[in-house]
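Participant:
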Ligand SMILES: Nc1ncnc2c1ncn2[C@@H]1O[C@H](COP(=O)(O)OP(=O)(O)OP(=O)(O)O)[C@@H](O)[C@H]1O
Ligand SMILES: Nc1ncnc2c1ncn2[C@@H]1O[C@H](COP(=O)(O)OP(=O)(O)OP(=O)(O)O)[C@@H](O)[C@H]1O
Ligand SMILES: [Mg+2]
Ligand SMILES: [Mg+2]
């Protein structure tokens, strides 16, 4: 294969706009983050956080004050300079009243102070040791005041690539920005993101040579590429947790024995095989291997049909028990749902499957909490806090957990924090708050010659700066 | 050499109930300028006979015997060669003026089609010819109506257009298959006058099919009477009208109500109805419906009997009939 | 009109006018009209028959439709047995229909191909709704025999019959209510001469047997001459001449009648071979 | 009066026995009938027995080739394809029967009404048909499922609704042609009302057209269900249908093409059977063609 | 004719108004709110409310309906919630693909159907006829998304003649554009062509029994010329009636086929917009589709009169 300076990357979904501070779709970040728009910090494949637009930062001992030293001489693609003022503008904008930022709450808690052109101080109302990580996410991109409002269609950032064209419904084309501070290290001149949602079409596009690399391709089609010498398959870990969420307030699901019975009735291996074609690692709690403080809790509620039946009987549940399972569109949910329904049938739970669109899922299941069971992949890297919210859609409530979580929030010491995290995981596992199914592995299929693909994916990005042939 | 010589013509059709002999052994000749009429009941094979001359029968039909047209054998002639003759040397006028024209093409195009096909005229040249033809057949103000469609003409006018089409290339033989049945008497008269005039003028041979004896009497010099696929009587028109030798011919003539007969008189009828082709009897096709039937009639098809003036009849009981008649008289 | 009425007329038509409005060609402006009938009057006395002749489009079928109350006249009155047909309420009209029936031109199109002969013939009875199924069958059989068909034919379908036989079935249907008047619109023009003769004879026989009157519509003068006591010559929606057929055809006065008569080809050979 | 009807070879009075005797000699009717019967049989048998449970998963033995144990192999969840096909026949029949039923009853009624009443009634009905034609089945199904949730019932209704204008138009066109026949004028002359004429004369005479249309629409309904299933709007899991099997197999076309072949062939055979049956029925119900073939 | 056009135009407008009301009402009762979808499950409630206000979702339905109709008339359809760009631009972009796709598919349908239908009719009841009709039976039974994948398998993956999908826009040249629409159009056309071929065949057979065919042959016109010049045009009335209906089915079919070939067309826009609750897009697209179908029906009506001079305006 000769030297090539362009690449076509496949994506399952098209972003609704290109401004990650205005929309929540992960597809936005997959195109713009680190490529067009940049953040103060950068989250690396291994989950570590390193400087990007910031050169370094310091944290006060009480974990409330962060001082960022900024990179100098950085310019936006429209020629405006990057400075402490732009950082303040960006963060204030994200936390403002009218903001539609997904992480609005985080930014509302921050007060940003400009010290000099190259120094900002962030003061956090809450304690969050993860703040540098949060500031590496797409919602925290630094935008330029004049162009910010047009970012949805014409994003202007400090990154190595600029937007060339957006053929709605079909593709986004970006090309190398010669004004980038480190333009020499960028290998690809032109990258096309092509949107293909149908799994068979994804496979066809790869096989026909239309697409060079396809991160997070549908798991269904991966096996055929494994055996094909023209392709490489990379399995990357993630921070996502695919769970069978349980409405903890619904009878009889409010009984911990029933929830445990459901957990015990599920053979995670088979679910992983059926839902994501084996591309997943079983988990026992809402936390994934590789994340700091992980403990293996898969043994807490092991697969055991007899035990499950017994638990149901103890809880006084009359079988067959009729439950509905509301499934959003992604294949892992739809396919996993079928498998789980079949498994629950074995302990006398008749599951009625109800397929819904995201819109209905959000309003009915998530919003009105009108559901029994559902399957969702929670992709936020660190979201244990949702178990502390009483009004979250699974309506879990535990004093023990809340106490542990409050401590986590205020603990800066890593070892201590990790121990607390372990406790939190064990509580959730014991309570069988949800059925924790697996940590998905994102398969990436690429042509043999593609180099520099991310091996792991704590967040959804396609970092073009590392790619080459 | 006669223009048309038909010998022992047989046509077999595929019907839903199996193969049927629609035409069984017809002979006749036609000289240039001569006129021939064919009469007979509905379904007796008149149209099939003339369509076989034109090679217009469905592809499942089997034609045997001989049709010599101006020295060319038409039976078995390949379709391409037949296309050259149709519309050029033989023209045909059909019964239904309402349906015989293509409703979606202009009159100029339809009438001009044979000219362009056989004479190789350009569209403009053909148009000029068509105008002359339409004038000739008496379409009023033809020039302004060239681009009209058939439905914009009356029945009589449409039949004239059909005639113009058949005459376009100046055929040697004109076949008119019941050209006036669908028209009312006054228009029928106009059309027949027109055909008669054209025949006289151009010296074409004419085959005229009708079951209206009046029409035949006024327009042709010789005639065939058909029944059940065969010719039961043939000869000069005057002679056939005068003799009515075959019992079927008699029946046909007698069944016709005529102006001037007193009211209340019963019409003579032929009992029974025309047999279906598939179950035609072996012998004389009219046997069984005929008053004079004897066993011998059922045995074989009767041979031709020669009467004066080249008048031929297929009946074995002519003597008895004549005898009975004289007694009655 | 030369005869003085012996008794009240069976059918009396006065000043019948029917204009058809063609759909408008443009938005504003009056729609074009076809003046099919422009004031036709005639009457038929019981047991007598009237023929109507005329060229195509002269309005013959329009008269038939109006007399059968299948269509409403623009103006004019049609009285059957003294009652104004078009003023009768729906139900009364249906009852009255037993007295007048119709035979259509096309023996192939006027019989429903999917019904048995029994149902076809019994249809007028069924519409009247006064008889049981069994009675209908019996009467249908009788009617069929009256027109020279067989009882076994009741179970057959129309396609199994020849044109002449079908026209007999149509007549059997018209006959089944023992009507006083049968309107026949070109009943034999689709038939062959020999079959035509059979049907005409049949109609004549039935008239004598049951005292039926015919309103016979035809363009064939000879047919009308054969069956009718009186003829009306229709031309452009007007009766231009009327009288006894024998007389009329011998001494036609109106030029149109004369032209009509002159156009009939005589069965006398003119061309010498 | 002497005319005696010629001997007309005709059918015996006993019509019903004659129908089956004729039917048994009608080639397309027999083939179509057998195929359709097989379809119904498959659906019926599946109520009582299937080789394996169609819901039983055995992920370990997924995507197996056809074998003695699994006649047609297994799918991505290790379910038995043969059993799924048998059970799937039920949904396909359901979709076809109900969707066509809706279109047939409502559409034909509207079409007959339009032809019988003419004038503004006809105009209104035909404009209504035009109007509903503007919402193709998939479009209305998408909108309906968005409102009421995905499911076979909504799919069937959406397909059924789309069938209404189709049947209405075809019925009206054929019925108008029948209304201009002389035998209708004859019936009117007898004093029959529009309703009686419609039921006794018009409907039987347009039945041939309707039968052909029914079989075509039936086939299209099965395919439409497949397309809706492809978009996730048809039959919901775990209930199998041929369309859903096909759409699931579609993602596996490159690995396990056989998975897509079996339901495809099943649909093709069912459609073929119905078409042949329809053609045969049309011929057999026409007294004019009764003696043919 | 002018009266006919006027009447037809009035009904066309009435139909469109009816359609607009239905579309609006149906979408009105859709559960789910665009703002929530756009923001995702974890978004702050006040952020969602802010977005809803920005999108004008908090106004009463009646106002929004008038607003919409007014916009339709002035060509200002508003901005897409999801793409935050003008809907009219979005739709026009998508139409640039969907219309050529539908037309291409319709062309394939017509050409295939006429060829097969007329050929089969010409060989009535012979081997060719039986064979072709057998093929159409199979054609009717093939779902289009399935056939699409088959085409991709053969022509893109095995032979690599075409790309497996996608559409680069017309800037790359008309030929390149058509090339990427070829397989999608073919997979859309196959079922419709099979149905249309059967209808063409029976229509042609029907016309072949008419008298004027015999007249034409009597003029010496060859069988083939009779078929194409005289018979076909007369057989077109039932054929274009069905074609009119098929056009709407084709348009709907694009939703599926655009998905398989990942084409940026109107169908996929609608499908995505519905799941995004991007109602302003859905509403206008559905309205557009409905309008296209209504207009196609109108064109079909006018075509009747063009094809058959006997049909005067009032017969329609
Ligand atoms: N294509 C055909 N296939 C089978 N039978 C046919 C076909 N055409 C005509 N016949 C039959 O052949 C016989 C002779 O038909 P032909 O048309 O020659 O009759 P005809 O004498 O012209 O009658 P008419 O006066 O009614 O025109 C009829 O019984 C007819 O039914
Ligand atoms: N429904 C109608 N609408 C418009 N015009 C009509 C209608 N019915 C008949 N006409 C016209 O009325 C005139 C008389 O028609 P009618 O059918 O009574 O003629 P006819 O004497 O029976 O002719 P034919 O001998 O051809 O049957 C014709 O010019 C015809 O075109
Ligand atoms: Mg003939
Ligand atoms: Mg008339």
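Residue numbers (the numbering used here), protein chains in the order written: chain A, 241 to 709; chain B, 19 to 347; chain C, 7 to 279; chain D, -4 to 288; chain E, 368 to 683.
For each residue, glycine too, the CB sits at the ideal point set by N, CA and C.
In chain order, what are the residues with a CB under 5 Å from some non-hydrogen atom of ligand 1?
Facilitator: With the cut-off at 5 Å, the residues found are B:31, B:33, B:40, B:60, B:61, B:62, B:63, B:64, B:65, B:66, B:76 and B:295.
Participant: So what does DSSP say about residue 138 of chain D, is it helix, strand or coil?
Facilitator: Against the fourth chain, residue 138 of chain D aligns to sequence position 143. Helix at residue 138 of chain D.
Participant: Which word fits residue 453 of chain A, buried or exposed, when buried means at least 16 other C-beta atoms lie within 10 angstroms of its C-beta?
Facilitator: Residue 453 of chain A sits at position 213 when you count from the first residue of the first chain. Buried, because 16 or more other Cβ atoms sit within 10 Å of the Cβ of residue 453 of chain A.
Participant: Please look up how many angstroms separate the CB atoms of residue 587 of chain A and residue 552 of chain A, rounded, as I've assumed it's under 8 Å.
Facilitator: Numbered from 1 along the first chain, position 347 holds the residue referred to as residue 587 of chain A. Numbered from 1 along the first chain, position 312 holds the residue referred to as residue 552 of chain A. Rounded, the Cβ-Cβ distance is 6 Å, consistent with contact.
Participant: Would you give the residue range spanned by the alpha helix (DSSP H) that residue 435 of chain E belongs to?
Facilitator: Translated into the one-based positions of the fifth chain, residue 435 of chain E becomes position 68. 428 to 441 is the span of the alpha helix (DSSP H), which, as asked, contains residue 435 of chain E.
Participant: Could you give the first and the last residue of the continuous beta strand (DSSP E) run that contains residue 431 of chain A?
Facilitator: As a position in the first chain, residue 431 of chain A is number 191, starting the count at 1. Its beta strand (DSSP E) spans residues 430 to 435.
Participant: Can you list, in chain order, every residue whose CB sits closer than 5 Å to a heavy atom of ligand 2?
Facilitator: Taken from the N-terminal end onward, the list reads C:26, C:40, C:42, C:62, C:63, C:64, C:65, C:66, C:67 and C:68.
Participant: Residues of chain F with CB closer than 8 Å to the CB of residue 225 of chain C, please, in chain order.
Facilitator: Included in the structure are the protein chains A, B, C, D and E, with no chain F among them.
Participant: Which of the three DSSP states, helix, strand or coil, is assigned to residue 512 of chain E?
Facilitator: Within the fifth chain, residue 512 of chain E is the residue found at index 145, counting from 1. Three-state result, residue 512 of chain E: helix.
Participant: In terms of alpha-carbon separation, which member of E:533, E:539, E:542 and E:541 lies closest to residue 411 of chain A?
Facilitator: What you label residue 411 of chain A is simply residue 171 of the first chain in a count that begins at 1. Cα-wise, what sits closest to residue 411 of chain A is E:533.
Participant: Helix, strand or coil, according to DSSP, for residue 310 of chain B in the structure here?
Facilitator: Translated into positions along the second chain, residue 310 of chain B becomes position 292. Looking at residue 310 of chain B - three-state DSSP - the assignment turns out to be coil, as it is neither helix nor strand.
Participant: What residue does the beta strand (DSSP E) around residue 401 of chain A start on, and which one ends it?
Facilitator: As a working mapping, residue 401 of chain A is identified with position 161 in the first chain. 401 to 407 is the extent of the beta strand (DSSP E) around residue 401 of chain A.
Participant: Could you tell me if residue 650 of chain A is buried or exposed, where buried requires 16 or more neighbouring beta carbons within 10 angstroms of its beta carbon?
Facilitator: Numbered from 1 along the first chain, position 410 holds the residue referred to as residue 650 of chain A. Classification of residue 650 of chain A: exposed, given that the 10 Å Cβ count is below 16.
Participant: Just by C-beta distance, which residues in the region 407 to 441 of chain A are closer than 7 Å to chain D?
Facilitator: Against chain D - using a Cβ distance shorter than 7 Å - the residues of the region 407 to 441 of chain A are 439 and 440.
Participant: Starting from residue 592 of chain A, follow its DSSP beta bridges and name the residues at the other end.
Facilitator: Here residue 592 of chain A corresponds to residue number 352 of the first chain, with the count starting at 1. DSSP lists A:564 as partners of residue 592 of chain A.
Participant: For residue 491 of chain E, which residues of its own chain have a beta-carbon under 7 Å away from its beta-carbon, when the five flanking residues on both sides are left out?
Facilitator: Residue 491 of chain E sits at position 124 when you count from the first residue of the fifth chain. Closer than 7 Å at the Cβ level, and outside the excluded window around residue 491 of chain E, lie 572.
Participant: Determine the contact status of residue 84 of chain B and residue 91 of chain B, defining contact as a CB-CB distance below 8 Å.
Facilitator: Sequence index remark: in the second chain, residue 84 of chain B carries index 66 (1-based). Sequence index remark: in the second chain, residue 91 of chain B carries index 73 (1-based). Closer than 8 Å, so yes.
Participant: Against chain A, with Cβ distances strictly below 8 Å, would residue 631 of chain E count as a contact?
Facilitator: Here residue 631 of chain E refers to the residue found at position 264 when the fifth chain is read from its first residue. It does: the Cβ of residue 631 of chain E has a partner Cβ on chain A nearer than 8 Å.
Participant: According to DSSP, is residue 8 of chain C helix, strand or coil?
Facilitator: Position 2 of the third chain, counting from 1, holds the residue named residue 8 of chain C. Bear in mind that a pLDDT of 39 at residue 8 of chain C, under 50, signals an unreliable position, so the number given afterwards is only what the model happens to contain. If DSSP states are grouped into helix, strand and coil, residue 8 of chain C belongs with coil.
Participant: Could you work out which residues of chain D lie near residue 242 of chain C, taking near to mean beta carbons separated by less than 9 Å?
Facilitator: Along the third chain, one-based indexing puts residue 242 of chain C at 236. Within 9 Å Cβ-Cβ: nothing; residue 242 of chain C doesn't reach chain D, min ~24 Å.
Participant: Less than 7 Å between the CB of residue 177 of chain D and some heavy atom of ligand 4, yes or no?
Facilitator: The residue labelled residue 177 of chain D in the question sits at position 182 within the fourth chain. Result no, Cβ not under 7 Å from ligand 4.
Participant: According to DSSP, is residue 306 of chain A part of a helix, a strand, or is it coil?
Facilitator: Here residue 306 of chain A refers to the residue found at position 66 when the first chain is read from its first residue. Of the three classes helix, strand and coil, the one that applies to residue 306 of chain A here is strand, per DSSP.
Participant: For residue 252 of chain D and chain A, any beta-carbon pair shorter than 8 Å?
Facilitator: Taking the fourth chain and counting its residues from 1, the one referred to as residue 252 of chain D is at position 257. Answer no: the Cβ-Cβ gap between residue 252 of chain D and chain A never drops below 8 Å.
Participant: I'd like the span of the alpha helix (DSSP H) that includes residue 459 of chain A, first residue to last.
Facilitator: The residue you call residue 459 of chain A lines up with position 219 of the first chain. Per DSSP, residue 459 of chain A belongs to no alpha helix (DSSP H) and is neither H nor E.
Participant: Quick one: what's got a C-beta closer than 6 Å to residue 268 of chain B's C-beta in the same chain, skipping five residues either side?
Facilitator: Counting from 1 along the second chain, the entry for residue 268 of chain B is found at position 250. 262, listed in sequence order.
Participant: Indicate whether at least one CB of chain A lies closer than 8 Å to the CB of residue 438 of chain E.
Facilitator: Counted from its first residue, the fifth chain places residue 438 of chain E at position 71. Chain A contact via Cβ: absent.
Participant: Kindly list, in the order they appear in chain B, the residues whose Cβ is closer than 9 Å to that of residue 619 of chain E.
Facilitator: Residue 619 of chain E sits at position 252 when you count from the first residue of the fifth chain. Within 9 Å Cβ-Cβ: nothing; residue 619 of chain E doesn't reach chain B, min ~32 Å.
Participant: Could you work out which residues of chain E lie near residue 332 of chain A, taking near to mean beta carbons separated by less than 9 Å?
Facilitator: As a first step, residue 332 of chain A must be located in the first chain, where it is residue number 92. The premise fails here: residue 332 of chain A is roughly 15 Å from chain E at the closest Cβ pair, so nothing lies under 9 Å.
Participant: In chain order, which alpha helix (DSSP H) runs of at least 4 residues are fully inside the region 173 to 213 of chain D?
Facilitator: Segments of the alpha helix (DSSP H) lying fully in the region 173 to 213 of chain D: 177 to 184 and 189 to 192.
Participant: Taking Cβ-Cβ distances shorter than 8 Å, what residues in chain E pair up with residue 270 of chain D?
Facilitator: Along the fourth chain, one-based indexing puts residue 270 of chain D at 275. The answer, in chain order, is 504 and 507.
Participant: Closest by CA to residue 49 of chain C, which one among C:178, C:187 and C:224?
Facilitator: Residue numbering aside, residue 49 of chain C sits at position 43 when the third chain is read from its first letter. When each option's Cα is compared against that of residue 49 of chain C, the closest is C:187.
Participant: Please report whether the beta-carbon of residue 447 of chain A lies at a distance below 8 Å from any beta-carbon of chain E.
Facilitator: Reading the first chain from its first residue, position 207 is the one you call residue 447 of chain A. It does: the Cβ of residue 447 of chain A has a partner Cβ on chain E nearer than 8 Å.
Participant: Taking C-beta pairs closer than 8 Å, name the residues in chain C that residue 177 of chain D reaches, listed in chain order.
Facilitator: Along the fourth chain, one-based indexing puts residue 177 of chain D at 182. By Cβ distance, chain C contributes 110, 111, 112, 115 and 116.
Participant: For residue 114 of chain B, is the beta carbon positioned less than 7 Å from some heavy atom of ligand 3?
Facilitator: As a first step, residue 114 of chain B must be located in the second chain, where it is residue number 96. Incorrect: residue 114 of chain B has no Cβ contact closer than 7 Å to ligand 3.
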